[in-house]
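Note sheet for the following structure.
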Amino acid sequence: MRGQPPDPYRAVGRRQLLTRWGPAALAASALAVAGTLLGGREGRHRAPDDRALPSPRDWRVAGEGRGRLVVAGGPDPAANVRRALSAFGGIERFVSRGEKVVLKPNCAWDRTPEQAANTDPQLVAELARLCLAAGAARVVVADSTCHDPYRCFERSGIAPAARAAGARVEHQSAGGVVRLDLGGTVLGPWDVLAAIAEADRVINVPIVKHHGLARVTVGMKNWMGAVTGPRSAMHQRLPQATAELAAALRPTLTVVDATRILVSGGPTGGALSSVRALDQVAVSTDPVAADAWGASLLSQQPDALSHLGIAERLGLGTTDWRSILETA
Amino acid sequence: MTPMAASSTRRFGFAWRHARMVSQALWLAAFLVLFGGLAASLLRGELASVLVALDPLTAAGTLLADCTVPRWTWLGLAVLAITAFLGRVFCGWICPLGTLQQLVSWLAGPTRRKAVEANRYRPWFAAKYVVAAVLLVWAALGANHVGWLDPLPLLHRAFAAAVRPLWIGVPSPGGWVSFALLGAILLASAWMPRCFCRAVCPAGALMGVVARLAPVRIHRAAESCNDCKLCLFACQGADEPLGRHRVAECHVCLNCLDACGQQSLFYGPLPPAAPLASPPLDVGRRQIVTTTVAALAAAPVLRVAGSGLAARAHDVIRPPGALVEEAFLARCVTCGACMAACPTGVLRSDLGRSGVEGLFSPVMDMRRGWCEPSCVRCMEVCPTGALRVVDPRAKQAIGGPAEIRVGTAFLDHGRCLPWAMGTACIVCEEMCPTSPKAVWLETVEHRARDGTTVVLQRPYVDPVLCTGCGLCENRCPTGQQAAIRVSSVGESRDPRNRLLHRQPAAAKGAVSPPS
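Chains as they are written, first to last, in the numbering used here: chain P, 1 to 328; chain F, 329 to 843.
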């Protein structure tokens, strides 16, 4: 064999075998391994998994006992809320140093304060100041609005007042959502504003308004603005959904704004002829009593409002607001 | 660094093209800042619309189509006047679409960008004159389509219809066409520098015709020129400064001045002895006549077979403040400024609803957004006044009917939960922002399938009060298709498109919009 050139079609050496066939064989094996490992696997995309979601936190202060409802009247909403709170021993009773506090006003509409579709900005700002003075780490004013959130917060006066008081503003376009299990028979898994889901204390600050289906909207229905997503589907069983929202979201306090109330054309209002100035603020640790008191301002009896009855049966409070009423 | 650039830097200490690049960077930054400020609701509309109004074709199209120079569009005429003295400085120093193309060329590399072959003149570059002629003939007939290819509206629209929806998270069906058009223009410039400017841009063509008058232009001292052809390497306009310089094609980028090793090229007033002449455009008189005749013939066909003005569709709902459709189409240059300004994303760039005539024009899509009661941003921003500015109170129907209405909401009883399924729902009524509410409820006792009686509230629409704002349609819980939908009928801008025999007068105290 010596001296003869190797047959180019036969003489495949070990080195040649490795360098010429090796890379292709490696690629083929890698594909085979990938195919075997991934074969038959469930794909990357699937419907959202709503099992084992956390529930919202309970923001009530422990050991409060029986609910109280304190109403204060006067021309200055800030003074009203201060007086009503002092009957409880001040906001310090409810807000401790270092806590993250959320104020949940009704700020759903592109309306000015005079139109009484949103909570009075002075009331929100005063609560923010009181919480910060009590040592709150931060105060966030949060709502998921129906109109453009930026316009709602600016034109309602709530964002400028809250910022001046040292609070932050978050809404569905600024600040995320967290999916929580709201429980109940009609709610279940739902997206909740992250600021609210992560708060240590939440104070519900609704306004008293007429509503076409619920007849009145006060505090419990105000939780509609704590969630995002397909909330217009709640209206198919609105009384049950409202009561279940109230059962899932248990506020530290409910501060009802009746500085101005909307007596018709709610919850949007618009015409000033639908607005009545009552110059009252109620502070309550009983969200059902707070709503019942608000309903009374619109001459609605609690038995006629089925969401209040359901809430009472769920043990969220009493509709007999007169039995616990105090004035400050 | 190329030898030409090195030598020029040594000789002058600064290169002309650097001054031009600084100008381009500033104008591109201005575009991005104005668009961003508009889209993020940080800027007032008037300010943001100025840049679109700088475009001479926007002004020319509106002037021909509606015989008016509305709002800031006089700026475009001013640019055209400047062009008559200085040439197409707008193209080389201002136009952000040109700048973006140059950035893409720069990415594509010097072999594509700086080559005699890439930057030589081709006869098919004259296509842009045909494009401009067709668009201007149509505009003169009242069909203003300059915005399809007008560089500033085109660029602004691509950002408004395809980029901003990404960041506000509202889908914008149809916006992809504008984005694809911009993408194609930019990709083409990787193949040939400023391909769109050279061959298609109708604004450039208009300015090119006027630039032939310019006494200030690139010219050459023939005695010192040694015909080295260095000036041909980086010519942006492919206008051949070495030979018979094509003034109509020149973007005044001044690359040739920097490239010339003999200092034989000048940009300035022509010497008194030099004739004010340039080679004829590559479109003959016959071609222009043929183009004009073809455009004249096509216009009525587009109108009758293009399903636009002649066959208006119920879902062509124009933004509030829109002029009557004829005037609206004559003025709208489809720049998308209104879309960028809209806080809710209800406006989108039309693709089909309003036919060929309304291609890219803004329509309201209530499933994507709604008309915010206190908002007039789309009107403030419109550079051509296709949307006039009204007092926000004129579109709110607080205390009585509104003066400005975009349409009327209609209930679909086959989908409406209380009407079709015996299920409670009042969301449309709850959301209705007029006062009294245009959507009202009738309480009825409904006999359910199992024989029980259910008390239901069924919605009705009061067409006198409805402004067509679409919040009801936006929030209706019946899936992708709402059970209450806004139609254009009843829109206040057109008395022919009315629903009621007589629309009652607007409420007392409602503010008269400025004319």
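Don't be surprised by glycine CBs; every beta carbon is placed ideally from N, CA and C.
Candidates P671/F, S369/F and L769/F: which alpha carbon is nearest M692/F's?
Taking only the C-alpha atoms, the option nearest M692/F is P671/F.
Would you decide whether D291/F is buried or exposed? Buried here means 16 or more other CB atoms lie within 10 Å of its CB.
A question about residue 291/F goes unanswered here, because the residues of chain F that appear run from 329 up to 843.
Just to confirm the assignment, what range does the alpha helix (DSSP H) spanning F153/P have?
Unbroken alpha helix (DSSP H) run through F153/P: P149 to R155.
Between the alpha carbons of I546/F and K442/F, how many angstroms are there, rounded?
Cα to Cα, I546/F sits roughly 19 Å from K442/F.
Closest to H774/F by CA distance: which of W768/F, A766/F, V783/F and V767/F is it?
Nearest of W768/F, A766/F, V783/F and V767/F to H774/F, Cα basis: V783/F.
Does any residue of chain P bring its CB to less than 8 Å from the CB of V755/F?
V755/F counts as touching chain P.
Using the Cα positions of S820/F and G157/P, report the straight-line distance between them to the nearest angstrom.
Whole-angstrom Cα-Cα distance: 32 Å.
Contact between the region 530-544 of chain F and the region 502-519 of chain F is defined here as three or more beta-carbon pairs at a separation below 8 Å; is this criterion met?
Contact between the region 530-544 of chain F and the region 502-519 of chain F is absent, because fewer than three Cβ pairs lie under 8 Å.
Limits of the alpha helix (DSSP H) - the one that K456/F falls within:
A455 to A468 is the extent of the alpha helix (DSSP H) around K456/F.
Excluding the 5 residues preceding and the 5 following T327/P in the sequence, name in chain order all residues of the same chain whose CB lies nearer than 6 Å to its CB.
Sequence-distant partners of T327/P (beyond 5 residues in either direction) whose C-beta falls short of 6 Å from its own C-beta, in its chain, are V71.
Under 7 Å by beta carbon: chain F residues contacting P236/P
In the sequence on display, residue 236/P carries Gln and not Pro. One finds L745, T751, A752 and C753 in chain F with Cβ atoms closer than 7 Å to the Cβ of Q236/P, taken in chain order.
Indicate the three-state DSSP secondary structure (helix, strand or coil) for T386/F in the structure shown.
In the structure shown, T386/F sits in a helix (DSSP, three-state: H, G or I).
Under the assumption that P569/F contacts K456/F (Cβ atoms under 8 Å), give the Cβ distance between them as a whole number of angstroms.
Contact doesn't hold; Cβ gap of about 20 Å is too wide.
Given this structure, state the Cα-to-Cα distance separating P597/F from T386/F, to the nearest angstrom.
Rounded to whole angstroms, P597/F to T386/F spans 29 Å at the Cα level.
Who are the Cβ neighbours of K836/F in its own chain at under 8 Å, not counting the five residues just before and after it?
In this prediction, K836/F has a pLDDT of 49, which is less than 50 and means its spatial position is unreliable; what the coordinates show is noted afterwards. Answer for K836/F: G727 and G728, listed in chain order.
Please tell me whether P823/F has its Cβ less than 8 Å away from any Cβ of chain P.
Using a Cβ-Cβ cut-off of 8 Å, P823/F does not count as an interface residue toward chain P, since no Cβ of chain P sits closer than that to its own.
Name the chain P residues whose beta carbon is nearer than 7 Å to that of G727/F?
The answer, in chain order, is A271.
Rounded separation between S840/F and R231/P - CA only:
Reliability fails at S840/F, whose pLDDT of 41 lies under 50, so the model's placement of it is uncertain and the value that follows must be treated cautiously. The C-alpha of S840/F lies about 37 Å from the C-alpha of R231/P.
Give me the DSSP bridge partner(s) of H171/P.
Its beta-bridge partners are D143/P and A174/P.
For R716/F and G818/F, which I take to be in contact (beta-carbon distance under 8 Å), what is that distance rounded to the nearest angstrom?
The Cβ separation is near 19 Å, so there is no contact.
Between the CA atoms of R82/P and G90/P - distance to the nearest angstrom:
Roughly 8 Å separates the two Cα atoms.
L405/F versus P384/F - alpha carbon distance:
Roughly 6 Å separates the two Cα atoms.
With respect to 7 Å, is the separation between the Cβ of A393/F and the closest non-hydrogen atom of the ligand ADP below this value?
The ligand ADP is not part of this structure, which contains no ligands at all.
Considering only the alpha carbon of each residue, which of Y595/F, R572/F and L414/F lies closest to S606/F?
Among Y595/F, R572/F and L414/F, the Cα nearest to that of S606/F is on R572/F.
Take P701/F as the anchor and find which of V629/F, D719/F, S816/F and V417/F has the nearest alpha-carbon.
Out of V629/F, D719/F, S816/F and V417/F, D719/F has the C-alpha closest to the C-alpha of P701/F.
Residues in the same chain with beta-carbon distance under 7 Å from T619/F, minus the five sequence neighbours each way, listed in chain order, please.
Cβ neighbours of T619/F beyond the five flanking positions: V458, A461 and V462.
Indicate whether D191/P and T228/P have their beta-carbon atoms separated by less than 8 Å.
Using a Cβ distance threshold of 8 Å, D191/P and T228/P count as a contacting pair.
Kindly indicate if chain P contains any beta-carbon less than 8 Å away from that of T672/F.
Yes, its Cβ sits closer than 8 Å to a Cβ of chain P.
So what does DSSP say about I645/F, is it helix, strand or coil?
Coil at I645/F, not helix or strand.
Check the Cβ of R151/P against every Cβ in chain F and list those closer than 8 Å, keeping chain order.
The contacting residues are P671, E700, S702 and C703.
How many Å lie between R57/P and M749/F at the Cα?
Cα-Cα distance, rounded: 37 Å.
Neighbourhood of S592/F by C-beta distance below 7 Å, restricted to the same chain and skipping five residues each side:
The residues are R548, A549, S552 and C553.
Which residues, in chain order, does the region 769-797 of chain F contribute to contact with chain P at a C-beta distance below 7 Å?
Listed in chain order, the positions of the region 769-797 of chain F with a beta carbon within less than 7 Å of a beta carbon of chain P are L769 and Q785.
Quick check: what's the CA-CA separation for A468/F versus L392/F?
A direct Cα-to-Cα measurement between A468/F and L392/F gives close to 5 Å.
Would you mind stating whether N447/F and C563/F have Cβ atoms separated by less than 8 Å?
The answer is yes: Cβ separation under 8 Å.
Answer yes or no: does any C-beta atom of chain P fall closer than 8 Å to that of P384/F?
No, P384/F lies away from the interface with chain P (no Cβ there is under 8 Å from its Cβ).
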